[in-house]
Amino acid sequence: MFANIDYNNPLVREEMISWGKWLVNTLSCDGFRLDAIKHIDHNFVQEFAQAMYEELGDKFYIVGEFWNADLGDCLAYLDAVENSIDIFDVPLHYRLQAAAQGGKEFDLTTIFDGSLVKERPLQAVTIVDNHDTQPGEALQSWVDDWFKQSAYALILLRIDGYPVVFYGDYYGIGGDNPIPGKKIAIDPLLYARYHKAYGEQVDYFDHPNTIGWVRMGVPEIDRSGCAVVICNGEEGFKHMCVGEERAGEVWLDLTNTREEHVTIGEDGCADFPVNAGSVSVWALPELDVSEE
1 MFANIDYNNP LVREEMISWG KWLVNTLSCD GFRLDAIKHI DHNFVQEFAQ
51 AMYEELGDKF YIVGEFWNAD LGDCLAYLDA VENSIDIFDV PLHYRLQAAA
101 QGGKEFDLTT IFDGSLVKER PLQAVTIVDN HDTQPGEALQ SWVDDWFKQS
151 AYALILLRID GYPVVFYGDY YGIGGDNPIP GKKIAIDPLL YARYHKAYGE
201 QVDYFDHPNT IGWVRMGVPE IDRSGCAVVI CNGEEGFKHM CVGEERAGEV
251 WLDLTNTREE HVTIGEDGCA DFPVNAGSVS VWALPELDVS EE
């Protein structure tokens with residue numbers, strides 16, 4: 001990338017590590033994003049990471065941009081640096097793009113196939129899009145708007161991975177061909193992640209066009225737990241169980257795409273509906289509501 005830094009030179013390595021320590025101590029930052037790490041000697045990446053952890057403690061966080069859609073290559077890189085950093089889940093990004101482009105022909109039960117978050121969830125930083133994948137950029141591979149909210153639900157509301165929300169998705173992208181932000185679509189998912197998406201995860205990946213999962217919640221977070229349904233075909237529902245202790249609770253769709261109420265049955269289960277080509281996030285609201 002025309003950045004001719006010789007990481008084989010011990011003096012260069014020493015200076016870069018010294019600079020890294022100075023930078024974090026001067027700026028009081030708690031992590032690094034290492035850009036284009038496939039162009040940097042992997043032995044130095046590991047050495048640099050270990051030096052930062054020794055200086056700043058194991059809570060210091062490093063994620064690297066290893067842009068490669070092949071899961072095998074991603075795993076090989078993590079092995080090469082001895083899992084000293086996390087990397088972006090590029091294979092998942094391309095699965096999300098494929099789902100958006102495939103519409104109802106895409107089998108949603110396979111959405112995580114070949115992804116890093118499925119194989120090595122503790123080292124997967126999940127993304128939907130970023131500055132390189134937006135229209136007009138070198139790695140353009142934009143996830144179509146109709147599927148964007150569903151894609152964010154798939155990274156924000158599940159137990160695995162470290163999700164990142166792209167600034168351009170949230171606030172919009174300027175330029176000659178501006179793209180509006182999707183704050184209205186993403187905010188309910190952020191709310192659900194913070195308040196609801198806790199506890200055991202139970203998947204209902206049993207239909208190619210309609211999938212769902214349940215987060216059972218935890219006692220220490222009041223009214224936590226949620227049921228997520230994603231559809232890329234016609235309007236439907238997913239019968240899912242959230243626990244017998246929730247019998248009689250009345251849940252609402254936090255995305256506001258469905259107006260009805262869902263009452264949890266005596267067996268702890270219910271039918272959770274979803275619109276065509278959409279996502280619904282069902283949960284117990286902060287204030288109780290009555291059955292319709």
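Here the sequence shown stands for residues 1 to 292, where the numbers follow UniProt numbering. Positions of the beta carbon are idealized from the N, C-alpha and C atoms, including for glycine.
request  = Find out if the Cβ-Cβ distance for the pair residue 63, residue 32 is shorter than 9 Å.
outcome  = Yes; because the gap between Cβ atoms is below 9 Å, this pair is in contact.
query = Which residues share a DSSP beta bridge with residue 88?
reply = 125.
query = So, are the CB atoms of residue 226 and residue 214 less than 9 Å apart?
reply = The Cβ atoms of residue 226 and residue 214 sit closer than 9 Å to each other.
query = When DSSP labels each residue in this structure, what does residue 24 get in the three-state scheme?
reply = Per DSSP, reduced to three states, the secondary structure at residue 24 is helical.
key: Enclosing alpha helix (DSSP H) for residue 195 [first to last residue]   = Looking at the DSSP string, the run of the alpha helix (DSSP H) that includes residue 195 is 183–195.
request  = Provide the residue span of the beta strand (DSSP E) that contains residue 283, from first to last.
outcome  = If you look at residue 283, you'll find it in the beta strand (DSSP E) that goes 278–283.
query = Does the distance from the C-beta atom of residue 248 to that of residue 266 stay below 9 Å?
reply = In contact: residue 248 and residue 266 (Cβ atoms closer than 9 Å).
query = If you draw a straight line from the alpha carbon of residue 153 to that of residue 168, how long is it in whole angstroms?
reply = Computed Cα separation, rounded: 17 Å.
key: For residue 32, the three-state DSSP class (helix, strand or coil)   = Residue 32: strand per DSSP, three-state reduction.
request  = Inspect the CB distances between the region 124–135 and the region 85–94 and report whether three or more fall short of 8 Å.
outcome  = Look at the beta carbons and you see the region 124–135 touching the region 85–94: at least three pairs across the two are nearer than 8 Å.
message = Looking at residue 160: is its Cβ nearer than 9 Å to the Cβ of residue 118?
response = Taking 9 Å as the Cβ cut-off, residue 160 and residue 118 qualify as a contacting pair.
ask   = What are the partner residues of residue 147, as DSSP defines its beta bridges?
value = Paired residue(s): none; residue 147 is not in a bridge.
Of the residues 186, 157, 150, the one placed nearest residue 166, counting alpha carbons only = Ranked by Cα distance from residue 166, the options 186, 157, 150 are led by 186.
query = Quick one: Cα of residue 194 to Cα of residue 162, how far?
reply = For the pair residue 194 and residue 162, the Cα-to-Cα distance works out to about 14 Å.
key: Start-to-end residues for the alpha helix (DSSP H) that takes in residue 294   = No answer is possible for residue 294: the residues shown for the chain start at 1 and end at 292.
ask   = With DSSP run on the structure shown, which of helix, strand or coil describes residue 140?
value = Coil.
task = State the Cα-Cα distance for the pair residue 135 and residue 176, rounded to the nearest angstrom.
result = Between residue 135 and residue 176, the alpha-carbon positions lie close to 11 Å from each other.
task = Taking the CB atoms as reference points, tell me whether residue 250 and residue 290 lie closer together than 9 Å.
result = Between residue 250 and residue 290, the C-beta gap is smaller than 9 Å, which places the two residues in contact.
request  = Return the first residue and the last residue of the beta strand (DSSP E) that residue 237 is part of.
outcome  = It spans 236–241 - the beta strand (DSSP E) in which residue 237 sits, taken as one unbroken run.
inquiry  = Give me the DSSP bridge partner(s) of residue 272.
reply    = Residue 272 pairs with 238.
query = With residue 35 and residue 54 assumed to form a contact (beta carbons below 8 Å), what rounded beta-carbon distance in angstroms separates them?
reply = In this structure residue 35 is not in contact with residue 54, their Cβ atoms being roughly 23 Å apart against a cut-off of 8 Å.
ask   = With 16 as the cutoff for other CB atoms within 10 Å, does residue 111 come out buried or exposed?
value = Buried, by the Cβ-count rule.
query = What number of angstroms, rounded off, separates the C-alpha of residue 42 from the C-alpha of residue 76?
reply = Cα-Cα distance, rounded: 11 Å.
message = Just list the residues that DSSP pairs residue 228 with in beta bridges.
response = Answer is 213, 281, bridged to residue 228.
query = Would a C-beta distance cut-off of 9 Å place residue 272 and residue 212 closer than the cut-off?
reply = For residue 272 and residue 212, yes; Cβs fall inside 9 Å.
ask   = When you compare only the Cα positions, how much space is there between residue 122 and residue 157?
value = Rounded to the nearest angstrom, the two C-alpha atoms are 15 Å apart.
ask   = What is the DSSP secondary structure of residue 208, reduced to helix, strand or coil?
value = In the structure shown, residue 208 sits in coil (DSSP, three-state: anything other than H, G, I, E or B).
ask   = Just checking my contact of residue 17 with residue 45 at CB under 8 Å: how many whole Å lie between their CB atoms?
value = Going by Cβ atoms, the distance from residue 17 to residue 45 rounds to 11 Å, so no, they are not a contact pair.
ask   = Span of the alpha helix (DSSP H) holding residue 63?
value = Segment 61–64 is the beta strand (DSSP E) holding residue 63; no alpha helix (DSSP H) there.
message = On the DSSP letters alone, give me the boundaries of the alpha helix (DSSP H) that residue 45 sits inside.
response = Annotation: the continuous alpha helix (DSSP H) that includes residue 45 extends over 42–56.
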